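Written out below as structure tokens is the structure these notes cover.
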Amino acid sequence: MLNIILNIFYKGYEQLLIREIQNGPVPEHVAIIMDGNRRYAKMTGKLTSYGHRKGADITEKVIEWSYEIGLKELTIYAFSTENFNRSDEEKNKLFDLIRLRFESMCEDNRTHERRLKVRVIGERTHLPDDLRQSISRIETATKNYDKFNLNVAIAYGGRQDLVQAVKEIANKVVNDELLPDDINESTISEHLYPSEGCAVPNVDLIIRTGGNERVSNFLPWQASGNECAAYFCAPFWPDFRKIDLLRSIRVYQRRIAEQKMKNNYRTTRFLKEIEKTESENITNGT
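Position one of the sequence shown corresponds to residue 0 (numbering that gives the first Met the number 0), numbered consecutively onward.
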């Protein structure tokens, strides 16, 4: 009986959130740090691999919810450079899980019906051969799609991304392919992962689950430079719900509204100062 009441409450709250955000701006690009799979497994008394599987199930749902809400781009942090410090057993199981999910997406009709374009960002040379092959298959199968972009960060680190971009730009300068005076923000963006002339755009909203309030070296160029909104929530990633995503959208909309109010206030103050100066000039006969 209690579960029935909770489900009714949840559905009601979900509909309320949908109504609240549907008339406001929706972020074009959301990035998510999916934290808490291992802690979730420990909390439930299961193996770490169980937490990763449950987390992968939620990832599939979040992709679906994001598409329904109208996002244009979603970037998820699947495996960081720091994660290579984990045990070989955990890494291998996680790589197998990611590979299987890519293969499933490749065969899933929804991927093609939604024209979902999948790209992997990160140093893929550090990944197992079979995972690199599955990455190649999903990227090739979806490369011409343009409705919804999904970026999966694997073997990714923000600082590493910037370093490899600088090295690539420096090589072009040495080889007379690029002039130093021609280097600008766009140049750097174009050489970040994936370096194929289609840069990952600025992030409008970054979400982190698991209770930690930090961005952990994730998309520093695209997030920090854009002063994006941030939403930190307590649930571990396998417990992430649609209402959590909707709440994050509401936080983004409130930030946009606050920025608009500040800009309007500054404009009003500026106009008043101009009017005051003109009035003083007329009084002084100047």
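Glycine included, C-beta positions come from ideal geometry on N, C-alpha and C.
Given the structure is predicted, the values throughout are model-derived calculations rather than measurements.
Which listed residue (Leu-73, Ile-182, Ile-134) has its alpha carbon closest to that of Lys-60: Leu-73
DSSP state of Leu-204 mapped onto helix, strand, coil: strand
Classify Thr-124: buried if its beta carbon has 16 or more other beta carbons within 10 angstroms, exposed otherwise. By the 10 Å Cβ count, Thr-124 comes out exposed.
Does DSSP put Lys-41 in a helix, a strand or coil? helix
Are the CB atoms of Ile-68 and Ile-248 within a distance shorter than 8 Å? In this structure, Ile-68 lies closer than 8 Å to Ile-248 by Cβ.
Assigned secondary structure, Ile-248 (DSSP; H/G/I helix, E/B strand, else coil): If DSSP states are grouped into helix, strand and coil, Ile-248 belongs with the helices.
Please confirm if the stretch 169-183 is in contact with the stretch 201-216, defined as three or more CB-CB distances below 8 Å between the two stretches. no
My parser needs the beta strand (DSSP E) runs of 3 or more residues fully inside the stretch 207-245; what are they? 228-231
Compute the distance between the beta-carbons of Ile-187 and Asn-150, then report whether it is under 8 Å. Result no, Cβ atoms of Ile-187 and Asn-150 do not sit closer than 8 Å.
Would you report the Cα separation of Tyr-264 and Glu-226, rounded to the nearest angstrom? Unreliable positioning characterises Tyr-264 in this predicted model, as indicated by a pLDDT of 49, which lies under 50. A coordinate reading is not provided.
Taking DSSP's pairing of strands, which residues face Arg-85 in a bridge? Answer is none; Arg-85 lacks a bridge partner.
Would you list the residues sitting across from Ile-32 in a DSSP beta bridge? Tyr-76, Arg-207
What residues in its chain sit with their C-beta under 7 Å from that of Cys-105, if we drop five residues either side in the sequence? If we look at Cys-105 and ignore the five residues flanking it on each side, its Cβ neighbours are Arg-136, Ile-137, Ala-140.
Where does Tyr-264 fall in DSSP's three states? Annotation note: pLDDT 49 at Tyr-264 (below 50); position unreliable, coordinate value reported separately. Reduced to three states, the DSSP call for Tyr-264 is helix.
Terminal residues of the continuous alpha helix (DSSP H) containing Ala-198? Note, Ala-198: premise wrong, no alpha helix (DSSP H); not H, not E.
Going by DSSP in three states, Lys-60 sits in which element: helix, strand or coil? helix
Cα-Cα separation between Ala-152 and Leu-126, rounded to whole angstroms: Taking the straight line joining both Cα atoms gives about 12 Å.
Val-173 to Tyr-192 span [Cα, whole Å]: 21 Å
Give the DSSP-derived three-state secondary structure of Arg-118 in the structure shown. DSSP places Arg-118 in strand when its eight states are reduced to three.
Using three-state DSSP, classify Ile-168 as helix, strand or coil. helix
With distances taken between CB atoms, is the gap from Phe-235 to Asn-36 smaller than 8 Å? yes
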